[in-house]
Amino acid sequence: MARAQSRETYHHGSLRETLIAAADAIVRERGLEGFSLREATRRAGVSPGAPKHHFGSAAGLLTEVAIRAYDEQATYMDAVALSGEVAKDLRALVLAFVRFAFDHPERFRLMFRSKTLKSDDRLHAAAVGSLERMVRLMAAYSDVDVTDDTSTIVNPEVVASIATAHGLASMALENLPQPEGVPPEQATLLGTSIVSIIEARWPDR
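Written out as structure tokens, the structure reads:
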């Protein structure tokens, strides 16, 4: 009876979330290279065919994990209290972006593996939403006008700033032996602290 009740509960809505949570846990623990649908279904306690029914493929399931990661990144960005000083606030948001990468290295790597994920409007919206405040401040810092839809920004100054923030986080993750245990305030890249690199890139004006 307990087994039947468990399957009935899954049928009425929890299976999808259970599979996403299992896949998310595997990515966080083992990285994308250690992920498999078989392991996700084993952890969720469901049949191997369940992910295909709900997500279509491994890419569909991993896309849901990436959306969850972008939502988590958004909480890091939203937690930054803005002062109204563009350069100072931008540095704080870039540091929050890097801090998320340090705290969730495997999720961060997955979020930008576009060839591994499905092209999905929800994924795009989550990505844009998580970075909106930082992108707007990057535009303000470069004296660039933006529209209400920050996803349409193609100004090279703004793109260069986004690339710098992403590259800084990625390089630090690849060069630190245990990035998940090192706060960005104490981390260094090529002998230079992450914080000082951010300050040098976006100094007060």
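This note's numbering numbers the first residue of the sequence shown as 1058 and each following residue consecutively.
Think of the CB as a built atom: it goes at the ideal place given N, C-alpha and C, for glycine as much as any other residue.
Outcome for residue i when other beta-carbon atoms lying within 10 angstroms are tallied against a minimum of 16
{"i": "Q1130", "result": "buried"}
{"i": "R1064", "result": "Because the pLDDT at R1064 is just 44, under 50, the model does not fix this residue reliably, and the value given afterwards should be weighed accordingly. R1064 comes out exposed."}
{"i": "P1240", "result": "exposed"}
{"i": "A1138", "result": "exposed"}
{"i": "E1330", "result": "Nothing can be reported for residue 1330: it is not among the residues displayed for the chain, which extend from 1058 to 1262."}
{"i": "F1112", "result": "buried"}
{"i": "D1128", "result": "exposed"}
{"i": "R1156", "result": "buried"}
{"i": "S1187", "result": "buried"}
{"i": "D1081", "result": "buried"}
{"i": "E1121", "result": "buried"}
For residue i, the residue or residues it bridges with in DSSP
{"i": "T1245", "result": "S1250"}
Distance CB(residue i)-CB(residue j) smaller than 7 Å
{"i": "A1101", "j": "L1076", "result": "yes"}
{"i": "E1189", "j": "S1199", "result": "no"}
{"i": "A1222", "j": "F1154", "result": "yes"}
{"i": "W1259", "j": "R1148", "result": "yes"}
{"i": "M1168", "j": "A1220", "result": "no"}
{"i": "A1226", "j": "A1244", "result": "no"}
Kindly provide the ranges of any alpha helix (DSSP H) runs that are 4 or more residues long and lie completely inside the region 1084-1168, ordered along the chain. 1094-1101, 1107-1112, 1115-1135, 1143-1160, 1162-1168
Closer than 8 Å is the cut-off here; do at least three beta carbon pairs connect the region 1162-1171 with the region 1083-1096? yes
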